[in-house]
Amino acid sequence: MNRNSSNTTGWWLLVVMIVLMGAQRVSAQSIALKTNALYWATTTPNVGFEARVSPKWTLGLSAGYNPFTFSENAKLKHVLIEPEARYWLCSTYAGHFVGVNALYSHYNAGNIDVPFGIFPELDDHRFQGDIGAVGVLYGYSWMLGRRWSLEAAIGIGVGVTHYKKYMCEVCGSQVDEDTRWLFMPTKLSVSAVYYIK
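Going letter by letter, the sequence shown gives residues 7 to 203 in our numbering.
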């Protein structure tokens, strides 16, 4: 592991520890577990938690991991960590919310089309690298019962990626290495939420 990877890992562990320390101060009634159905649609298992830290604020942390390779060596392998803070306009876990989020992902992808034109050459090259981003988000939560809700959220922001580009999906020599700034979506979710009591 290179020095930059160690520094990045250290920062993300610090963020996770801060979120967990904040969660220890809240009661069990204010903790939610969730999973993003849109993320599952990309064959990425994922889980998140959110904790109320004041009458209008929640802190959350989500993670996803995609280890799969498909036919013709198509892949969107990655690990993703996403902390966020939300301000609820009415009361926590119900109605409209706004917030800020960040994300970090290490990826190895090739032979696929990625939405939003982020990597237009991904269908005939393989890219491997890291991406980090920060953004603002908006969402809405519909209560479905005492313990369940459905929420949708969208975020947009700015990110930076450092990647290596390879000639073909499986093998081949490196043909490029670059760092790129992106205006990008930082969140797109339709999540099932379960409240722990």
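Glycine is no exception: its CB is placed at the ideal position from the N, C-alpha and C atoms.
For a test of the three-state rule: what should DSSP assign to Leu95, helix, strand or coil?
Annotated three-state conformation of Leu95 is coil, per DSSP.
Do you know whose CA, among Pro73, Val104 and Ala158, lies nearest Cys96's CA?
Sorting Pro73, Val104 and Ala158 by C-alpha distance to the C-alpha of Cys96 places Val104 at the top.
Look at the alpha carbon of Asn114 and the alpha carbon of Tyr99, and state the distance between them as a whole number of angstroms.
When rounded, the distance between both Cα atoms is 35 Å.
With Ala43 as the anchor, note down where its beta strand (DSSP E) starts and where it stops.
Premise fails: Ala43 lies in the alpha helix (DSSP H), Ala43 to Trp46, not in any beta strand (DSSP E).
The stretch 147-162 in contact with the stretch 126-133 per 3-pair CB rule at 8 Å:
Contact between the stretch 147-162 and the stretch 126-133 is absent, because fewer than three Cβ pairs lie under 8 Å.
Residues near Thr50 in its chain [Cβ-Cβ closer than 6 Å; skip 5 each side]:
Within the same chain, Thr50 has close Cβ partners Gly70 and Asn72.
Write down every uninterrupted run of the beta strand (DSSP E) in the stretch 60-95 whose length is 3 residues or greater and which is fully enclosed by it, in chain order.
Runs of the beta strand (DSSP E) inside the stretch 60-95: 63-72 and 81-94.
Spatially closest choice to Val140 from Leu109, Leu44, Trp94 and Lys170, by CA coordinates:
It is Leu109 whose Cα lies nearest to the Cα of Val140.
C-beta contact flag for Leu143 and Gly161 at 8 Å:
Contact flag set, yes.
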